[in-house]
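At the far end of the sequence shown sits residue 303, using full-length UniProt numbering, and the numbering has no gaps. The structure appears right after this line, and notes come after that.
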Amino acid sequence: MQQRYQNLKIAQRGVIISLIAYITLSLLKITIGQISHSEVLLADGSGNVTDIFSSCAIMIGLRLAQRPPDEDHQYGHWRAETLATLITSFIMLLVALSVLYSSVTDIVFGKKEVPDIYALFVGLFSGSVMFGVYLHNSYLAKKINSASLLAIAKDTRNDALTSFATSITIVGANLKMPWLDGVVALLIGLTILKTAYNIFSDSAFSLSDGFDDDLLLKYTDAVREIPGVELVHNIQGRSYGANIFVDIIIWVDPQMSVRESHHITEKIESLLRRNFGVLDTDVHVEPWDVDYEPIQPNELNSH
């Protein structure tokens, strides 16, 4: 359990890295954008300000998730992380719609201003830094199984793409290809929109107690291999942040002693924790009914 709280702190450090990058690069882009009279760089820097709010939302969620269980939250506050991830998807959606609106406007009406070529290097530098932060946080998120940090990593990747797109726009404008800005921005907007939808879908699925049926099948197959388990009668799973809780009903020999059946439940708990990282398993033991028709894989009840 202590390691899981430690993972939240590790995720916080990853978010802090993104937050520092956002603040530094937004100030750099806005400052250089004003000096070089580059509206596209100013817009990119202003977009990073929105990312700062996303990072702060994730930070708050991770902080709340570290609170221990209390009378009102007996399973802990793990879902605060998932809720923060959901909020991030809404912010990302607004950014996507803004980018798409601007791109369509540029394509239809054209873009008149020609950005200063010096702003090109700021865009390339910013894109490189953000892509490096994305690689770091993406690796870290997968290592500790943090959905919120992975959301931040994907947001950082989008910012890297946007910065590179800014550079392409500056080159295109100076080469008398102003239409390039709208086309590239449209592609970036669609990418951000897809990312926002995926993050929203995963977060909403988890918050509504949805659970992966494929995982339930793997749990079931593993439990069936334990000697003494006659049948996995029912199995349900739910997620609290990065933590998995499983409820399972097994059938055993009616003549089996209480001590023996309890020993089997301990084996199941240990197996699911060791092989699948399940935080808590609630095993209910019932006597085997030989007349019962076994549950089919596609009939597994998940919540």
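From the three backbone atoms N, C-alpha and C, an ideal C-beta is built for every residue, glycine too.
Asked: Extent of the continuous beta strand (DSSP E) run through residue 236; Found: 231-240
Asked: Sheet register partners of residue 281 (DSSP bridge); Found: 246
Asked: Alpha helix (DSSP H) segment containing residue 260, residue limits; Found: 258-276
Asked: Cβ-Cβ distance between residue 151 and residue 85 below 9 Å; Found: yes
Asked: Supposed contact pair residue 289 and residue 251 - C-beta distance, whole angstroms, cut 8 Å; Found: 7 Å
Asked: Of the residues 255, 241, 237, the one placed nearest residue 247, counting alpha carbons only; Found: 237
Asked: Neighbour-count burial assignment, residue 194, 16 or more Cβ in a 10 Å radius; Found: exposed
Asked: Limits of the alpha helix (DSSP H) - the one that residue 90 falls within; Found: 79-109
Asked: Residue 240 burial status per 10 Å Cβ neighbour count (16 or more: buried); Found: buried
Asked: Residue 155 to residue 92 span [Cα, whole Å]; Found: 8 Å
Asked: Span of the alpha helix (DSSP H), counted from its first residue to its last, around residue 137; Found: 119-144
Asked: Nearest-angstrom Cβ-Cβ length linking residue 228 and residue 260, presumed shorter than 8 Å; Found: 7 Å
Asked: Contacts around residue 124, its chain only, beta-carbon distance under 8 Å, and the 5 residues preceding and following it disregarded; Found: 163, 164, 167
Asked: For residue 288, three-class secondary structure by DSSP; Found: coil
Asked: Residues near residue 117 in its chain [Cβ-Cβ closer than 7 Å; skip 5 each side]; Found: 170, 174
Asked: Residue 8 versus residue 55 - alpha carbon distance; Found: 14 Å
Asked: Member of 208, 63, 122 whose CA lies at the smallest distance from the CA of residue 45; Found: 122
Asked: Range covered by the alpha helix (DSSP H) that runs through residue 75; Found: Where residue 75 is concerned, there is no enclosing alpha helix (DSSP H), given that its DSSP letter is neither H nor E.
Asked: Other residues of its chain near residue 224: CB distance less than 7 Å, five sequence neighbours each side excluded; Found: 232
Asked: Helix, strand or coil at residue 12 [DSSP, three-state]; Found: helix
Asked: Residue 103 beta carbon less than 9 Å from that of residue 14; Found: no
Asked: Rounded separation between residue 20 and residue 201 - CA only; Found: 28 Å
Asked: Start-to-end residues for the alpha helix (DSSP H) that takes in residue 217; Found: 213-224
Asked: Buried/exposed call for residue 277, threshold 16 Cβ in 10 Å; Found: exposed
Asked: Residues near residue 265 in its chain [Cβ-Cβ closer than 7 Å; skip 5 each side]; Found: 283, 285
Asked: Beta-carbon proximity of residue 61 to residue 138, cut-off 9 Å; Found: no
Asked: Proximity to residue 76 [Cα-Cα], best of 5, 230, 95; Found: 5
Asked: Among 78, 59, 58, the one whose alpha carbon lies nearest that of residue 67; Found: 78
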